[in-house]
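The working numbering numbers the first residue of the sequence shown as 41 and each following residue consecutively. By construction, the Cβ of each residue, glycine as well, lies at the ideal position given by its N, Cα and C atoms. Here the structure is laid out as structure tokens; the discussion comes afterwards.
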Amino acid sequence: MLNAEAFNFDGDYGEIYEDLAHRVIPGYDTLFPATLALLLERAGASARVLIVGCGTGQEFRSFAPSAPGWSFTAVDPSAEMIRLSQRVAQKVGAGGRTSFYHGYVHELPASERYDAATVINVMHFLRDDGAKEQLMASVSERMPKGGTVALFDLHGDRSAPHHAFFYEAWKRYMSLRGYGDAAKARLLRRLAAGIAWVPEERIMQICHDAGLRLIHRYWAGLLYGGWLLERR
Ligand SMILES: C[S@@+](CC[C@H](N)C(=O)[O-])C[C@H]1O[C@@H](n2cnc3c(N)ncnc32)[C@H](O)[C@@H]1O
Numbered sequence: 041m042l043n044a045e046a047f048n049f050d051g052d053y054g055e056i057y058e059d060l061a062h063r064v065i066p067g068y069d070t071l072f073p074a075t076l077a078l079l080l081e082r083a084g085a086s087a088r089v090l091i092v093g094c095g096t097g098q099e100f101r102s103f104a105p106s107a108p109g110w111s112f113t114a115v116d117p118s119a120e121m122i123r124l125s126q127r128v129a130q131k132v133g134a135g136g137r138t139s140f141y142h143g144y145v146h147e148l149p150a151s152e153r154y155d156a157a158t159v160i161n162v163m164h165f166l167r168d169d170g171a172k173e174q175l176m177a178s179v180s181e182r183m184p185k186g187g188t189v190a191l192f193d194l195h196g197d198r199s200a201p202h203h204a205f206f207y208e209a210w211k212r213y214m215s216l217r218g219y220g221d222a223a224k225a226r227l228l229r230r231l232a233a234g235i236a237w238v239p240e241e242r243i244m245q246i247c248h249d250a251g252l253r254l255i256h257r258y259w260a261g262l263l264y265g266g267w268l269l270e271r272r
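In structure tokens, the structure reads:
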């Protein structure tokens with residue numbers, strides 16, 4: 041992570057994340073059902089699904105009730121986020137079909153195989169010094185040929201002419217969505233310290249090097265993008 045303190049999921053950022061996500065991430069409310077629909081098409085009704093960075097449990101809330109035949113492995117390096125996700129999984133009836141792992145994907149047994157994986161709002165925190173590559177490679181290695189990955193990330197080329205203008209528009213969007221000035225100022229400081237920006241082309245290169253092929257870009261909202269990929 042660029043500056044682990046900037047986005048401390050074991051601390052106050054974890055506590056405020058849920059409200060923030062709904063207000064600040066364009067399409068957050070519809071992203072998960074859209075991802076679910078795509079993964080059901082690709083992986084079917086009885087898939088093994090790896091949730092990378094389960095955070096406050098949004099994947100469980102969105103996926104578990106409509107995919108009762110799915111089993112989950114949920115990974116997060118934050119103990120507090122694992123605890124929160126466990127509570128959500130129990131509440132939506134997925135507790136008995138979920139394994140939680142407090143740590144990182146590369147620490148999961150190499151023999152584990154998943155039909156589908158989600159990496160939503162995670163990779164943008166990791167430096168482009170091998171950490172992003174290790175994350176995607178460790179996911180890809182645990183999938184069979186044809187396995188599906190939904191990747192969603194904040195990204196951008198900060199030297200591109202449109203980037204500053206889009207960033208300003210995103211700040212305006214936060215206010216339009218009712219995100220208060222003080223909370224917004226704190227978030228902007230965190231974003232400046234804790235996001236490892238890379239352009240979409242670099243994300244595609246990382247995925248390609250990890251053995252993943254782009255099926256289609258399925259999401260775009262201001263500086264966020266979502267890509268559906270498959271294991272080659
Ligand atoms: C912004 S939350 C996203 C939660 C959920 N996926 C969502 O979109 O609502 C990011 C989560 O990724 C976790 N995380 C950070 N680095 C990670 C890594 N290298 N591998 C897996 N999870 C990571 C954080 O602890 C946090 O819970």
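For A150, there is no enclosing beta strand (DSSP E), as DSSP gives it neither H nor E. Minimum Cα-Cα distance from A250 among the listed residues V92, Y141 and Q174 corresponds to Q174.
In the displayed model, L262 falls within coil according to three-state DSSP, outside both helix and strand. Annotation: the continuous beta strand (DSSP E) that includes H142 extends over T138 to H142. Remark: the shortest separation between the CB of I160 and any heavy atom of ligand 1 falls under 7 angstroms. Under a 10 Å Cβ-count criterion, Q245 is classified as exposed, with fewer than 16 other Cβ atoms of the shown protein chains found around its own Cβ. Restricting attention to alpha helix (DSSP H) runs no shorter than 4 residues, the region 48 to 111 encloses them at 52 to 64, 68 to 83 and 98 to 103, ordered along the chain. Each residue's CA atom was taken as its position, placing H164 and R137 some 29 angstroms apart.
Among the bridge pairs identified by DSSP, H256 is matched with L268. Around the beta-carbon of H202, fewer than 16 other beta-carbon atoms lie within 10 Å, marking it exposed.
The closest heavy atom of ligand 1 lies less than 7 angstroms from the beta carbon of P117.
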